[in-house]
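As structure tokens, the structure follows; a few thoughts come after it.
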Amino acid sequence: MFITGYSVAAGATARLLFGYDSFGNVCGKKNSPVEGAPLSGQDMTLKKHVFFMNACNLEVKDVRLSSTILCVSSCPEEQLDTLEEVQLFADNNGSFLCVYSLDSINYTQNPNADSLCPSLPVPPSKSFPLFNRCVPRTPECYSSFASVLINDVDILHRILSGIMSGRDTILGLCILALALSLGMMFTFRFITTLLVQIFIALIISGLLLVCGVLWWLYYDYTHDLSIELDTERENMKCLLGFAIVSTVITAVVLSLIFVFRKRIKLTIELFQVINKAIGSSPFLLFQPLWTFAILIFFWVLWVAVLLSLGTAGAAQVIEGGQVEYQPLVGIRYMWWYHLIGLIWTSEFILTCQQMTIAGALATCYFNRNKNDPPDRPILWSLSILFCYHQGTAIKGSFLMTVTRIPRTILMYLHNALKDKQHGAWSRCMFRCCFCCFWCLDKCLRQLTQNAYTATAINGTDFCTSAQDVLKLSSKNSNHFTSVNCFGDFIIFLGKCFS
Numbered sequence: 022m023f024i025t026g027y028s029v030a031a032g033a034t035a036r037l038l039f040g041y042d043s044f045g046n047v048c049g050k051k052n053s054p055v056e057g058a059p060l061s062g063q064d065m066t067l068k069k070h071v072f073f074m075n076a077c078n079l080e081v082k083d084v085r086l087s088s089t090i091l092c093v094s095s096c097p098e099e100q101l102d103t104l105e106e107v108q109l110f111a112d113n114n115g116s117f118l119c120v121y122s123l124d125s126i127n128y129t130q131n132p133n134a135d136s137l138c139p140s141l142p143v144p145p146s147k148s149f150p151l152f153n154r155c156v157p158r159t160p161e162c163y164s165s166f167a168s169v170l171i172n173d174v175d176i177l178h179r180i181l182s183g184i185m186s187g188r189d190t191i192l193g194l195c196i197l198a199l200a201l202s203l204g205m206m207f208t209f210r211f212i213t214t215l216l217v218q219i220f221i222a223l224i225i226s227g228l229l230l231v232c233g234v235l236w237w238l239y240y241d242y243t244h245d246l247s248i249e250l251d252t253e254r255e256n257m258k259c260l261l262g263f264a265i266v267s268t269v270i271t272a273v274v275l276s277l278i279f280v281f282r283k284r285i286k287l288t289i290e291l292f293q294v295i296n297k298a299i300g301s302s303p304f305l306l307f308q309p310l311w312t313f314a315i316l317i318f319f320w321v322l323w324v325a326v327l328l329s330l331g332t333a334g335a336a337q338v339i340e341g342g343q344v345e346y347q348p349l350v351g352i353r354y355m356w357w358y359h360l361i362g363l364i365w366t367s368e369f370i371l372t373c374q375q376m377t378i379a380g381a382l383a384t385c386y387f388n389r390n391k392n393d394p395p396d397r398p399i400l401w402s403l404s405i406l407f408c409y410h411q412g413t414a415i416k417g418s419f420l421m422t423v424t425r426i427p428r429t430i431l432m433y434l435h436n437a438l439k440d441k442q443h444g445a446w447s448r449c450m451f452r453c454c455f456c457c458f459w460c461l462d463k464c465l466r467q468l469t470q471n472a473y474t475a476t477a478i479n480g481t482d483f484c485t486s487a488q489d490v491l492k493l494s495s496k497n498s499n500h501f502t503s504v505n506c507f508g509d510f511i512i513f514l515g516k517c518f519s
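Here the sequence shown is numbered in my numbering, starting from 22 and rising by one per residue.
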């Protein structure tokens, strides 16, 4: 909350969204003057577009652009080759492309017009739809401009454009996936045993079929006397590799199914219990949607605060009466704290969802009168969570955050150092550390999820629930591991077929 308030008070998101010129004026806004900058404090209400006077040769010097930036009322849509054309464009469109101190009448008469006006020829440009920047349309200028200024934004723009152009297809596929998932869920509810057997039969027959086809193709290649090209020999080696890998996977899957065959009945019974609980409280199906909506809201708020922190700075006058903004002291440390807040709060929201579902299922499962399910188990679980188990949710999410922070730091260091020359030992150390933290994260996540379930059932705190879970899992490790793995395997098959 402190960082949010500080970002609102010290940040200037308008500079990022609307853009600003080299003299401290935000485009499209009325501005306050900056002491020592005579061209600051102007009314830019009608000048909403950001224009770069040297758009074709942008360079970054000392963390700022070398080109003078102006606020203009419109971008030049045609190429301007001479100052006379720049002057004519200003008279006809009311868009002045030279420094504010130079009137359009003096564009062709002032001896310093070459330094006060844009570099010629002025390329045709159009306003970028999100940030109102005048982007050159000629390929040469655009490539230089984008590589320096809006390369990342342009990638985002292309992604959004691709999504918008194929929105009908994407929406149709999402609806189809939702329909298949609902169909699979209802099928699980009514014919759980038959569906599990069908899944197992399909996976066994599919693996055997793929394995047999690959070995048959490899046999056909080895007995084909017409193979002479190196490419065909490489294809034969690839087929051999794929056949061996498929054989190993088939053997492993068949062995797992054979080992877990006695746990299939118990897994089916667990699915049936879950189906009954969902039937008594169908709103459990919408719980992930509510959690997703809350996460989206939080992430949007987090990005807004991050942008405000990025624009927080004090105006400083440099040579030529221009203004640049120096970051405030302490901002760089707030970025890290803000990142930790992102991870912790996201984990806390997911933890609340897990405890809500666990509490609702426990309420339905331990109900003595099976013919009279409890009313509103989700609301009851939420009330218990917020009244008694906030500490459990905070402890569990904090534990997951502690394991995620080293992974985040390792990913940052790996991306920062991947372009530099490093030995095999350093790369191996990075990968080993990342793998160890990944395994630790998976183990702790499984432990915390089971601890949330124990808390929902027994009402104990996080540490006590975690101890109980460890004792139960150590005493019944074979049953626990086999049922858990086989249940995850069946759910994975359901996701694949849906």
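A virtual CB, placed ideally from N, CA and C, is assigned to each residue, including glycine. Predicted model only: the values in this text are computed from it and were never measured.
Original post:
What residue range is occupied by the uninterrupted alpha helix (DSSP H) comprising K297?
Top reply: For K297, the enclosing alpha helix (DSSP H) covers residues 285 to 301.
Subject >> Contacts around A487, its chain only, beta-carbon distance under 7 Å, and the 5 residues preceding and following it disregarded >> reply: In the same chain as A487, and ignoring 5 residues on each side of it, the C-beta atoms closer than 7 Å to its own belong to L468, A472, in chain order.
Subject >> Other residues of its chain near L403: CB distance less than 7 Å, five sequence neighbours each side excluded >> reply: If we look at L403 and ignore the five residues flanking it on each side, its Cβ neighbours are T377.
Original post:
Between which two residues does the beta strand (DSSP E) harbouring A335 extend?
Top reply: A335 -> beta strand (DSSP E) spans 334 to 338.
Subject >> Where F72 sits in the DSSP three-state scheme >> reply: Correct three-state label for F72: strand.
Original post:
D64 by DSSP, collapsed to three states: which one?
Top reply: The answer is strand: DSSP assigns D64 an E or B state.
Original post:
Can you tell me where the beta strand (DSSP E) with I90 in it begins and where it stops?
Top reply: First-last of the beta strand (DSSP E) with I90: 90 to 93.
Original post:
DSSP three-state call for E345: helix, strand or coil?
Top reply: E345: strand per DSSP, three-state reduction.
Subject >> Beta-carbon gap between L316 and I361 smaller than 7 Å >> reply: In this structure, L316 keeps its C-beta atom at 7 Å or more from the C-beta atom of I361.
**OP:** Could you name the residues of the same chain whose beta carbon sits closer than 7 Å to that of G40, not counting the 5 residues immediately before and after it, in chain order?
**Re:** The answer, listed in chain order, is C48, V71, F152, N153, R154.
**OP:** May I have the straight-line CA-CA distance separating V107 from L322, to the nearest angstrom?
**Re:** Approximately 43 Å, taken between the alpha carbons.
Subject >> Every unbroken alpha helix (DSSP H) within the region 405 to 483, with a cutoff of 4 residues, ordered by chain >> reply: Those alpha helix (DSSP H) runs which fall completely within the region 405 to 483 and span 4+ residues are 411 to 438, 445 to 479.
Original post:
Taking three-plus beta-carbon pairs below 8 Å as touching, is the region 480 to 494 in contact with the region 396 to 414?
Top reply: Here the region 480 to 494 makes contact with the region 396 to 414; the two share three or more CB pairs at distances below 8 Å.
Original post:
Taking the Cβ atom as the reference point for each residue, do L229 and A264 lie within a distance shorter than 7 Å?
Top reply: Taking 7 Å as the cut-off, the beta carbon of L229 is found no closer than this to the beta carbon of A264.
**OP:** Tell me, please, which residues DSSP counts as bridged to R154.
**Re:** Answer by DSSP bridge pairing, in chain order: V71.
Subject >> Cross-strand partners of S148 (DSSP beta bridge) >> reply: Answer by DSSP bridge pairing, in chain order: C155.
Subject >> Proximity to T243 [Cα-Cα], best of L104, K258, I221 >> reply: Restricting attention to L104, K258, I221, the CA atom closest to the CA of T243 is found in K258.
**OP:** Count the other C-beta atoms from every protein chain shown that fall within 10 angstroms of the C-beta of D42, then say buried if there are 16 or more, exposed otherwise.
**Re:** Counting every other CB atom within 10 Å of its CB across the protein chains shown gives D42 a total of 16 or more, marking it as buried.
**OP:** Pick out whichever of S140, S95, R452, S276 has its Cα sitting closest to the Cα of M432.
**Re:** The option with the nearest alpha carbon to M432 is R452.
**OP:** Express the C-alpha separation of L306 and L199 in angstroms, rounding to a whole number.
**Re:** Distance between the alpha carbons of L199 and L306 is about 12 Å.
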